[in-house]
Structure formats: structure tokens, C-alpha cells
Amino acid sequence: MGNSQLQQLKTALTVFSGTTEQAARALMQQSREYDRAAQEVLSLIGGSATGKDREVANAIQSASRAVEQAGEALTRASRTAQNYGASI
5 MGNSQLQQLK TALTVFSGTT EQAARALMQQ SREYDRAAQE VLSLIGGSAT GKDREVANAI
65 QSASRAVEQA GEALTRASRT AQNYGASI
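Structure (C-alpha cells):
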């Protein structure tokens with residue numbers, strides 16, 4: 005690989021790392037909002053006889069965990085790309 009190609013690769017990795025880190029931060033913020041929504045559901049309709057309140061809150065919390073895990077995966081991908089770009 006020539007110097008020009010290496011520079012292109014470094015640039016591509018830098019861009020990828022930056023946009024991926026931004027996406028990760030946005031997902032983590034969304035996860036926090038889902039957590040707040042789940043707590044709001046419980047505080048507004050908590051203790052329903054049918055248990056639907058807990059079902060809704062659990063579904064929201066499950067979504068929150070999935071979004072958080074996606075954010076963590078993006079953070080790892082960003083750091084891996086950044087580290088590789090710095091090493092070449």
C-alpha cells in the first residue's frame with residue numbers, strides 16, 4: 005500500500021471514528037430517555053391490577069438496554085478504528 009493509500013485509509017478511519025462516536029453518544033442519550041419514560045409510566049400508572057404498567061415499563065427498559073448495547077458497540081468500533089488509524 006502506497007503512502008497516498010495509507011493517508012486515505014487514515015482519513016477514512018478518522019471520519020468513521022468521529023461519526024461513529026457521535027452516533028454512540030446519541031444512542032446513549034436515547035437510552036437515558038427510555039429509562040426516564042419507563043419510570044414515568046410506573047409513576048403514572050404503577051400498580052395496575054392487570055400488570056400492564058409493569059409490562060409496558062419492562063418493554064421500554066428492554067429497548068433501553070438494547071439501545072445502550074448498540075451505543076457501546078459503536079464506541080468500541082470507533083476506538084478500534086481510531087487506534088488502528090493511529091498505528092499506521
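For what it's worth, my numbering labels the leading residue of the sequence shown as 5, then goes sequentially.
The beta-carbon is built from N, C-alpha and C at its ideal position, and this holds for glycine as well.
The Cβ atoms of Q73 and S21 do not sit closer than 7 Å to each other. In the structure shown, I92 adopts coil according to DSSP, grouped into three states. Sequence-distant Cβ neighbours of V45 in its own chain, meaning closer than 8 Å and more than five residues away, are D57, V60, A61, I64. Of the residues assessed, V19 falls on the exposed side of the cut-off, its CB having fewer than 16 other CB atoms within 10 angstroms. Bounds of any alpha helix (DSSP H) do not take in A53, whose DSSP letter is neither H nor E. In terms of CA proximity to A30, G75 leads the group Y38, G75, I92.
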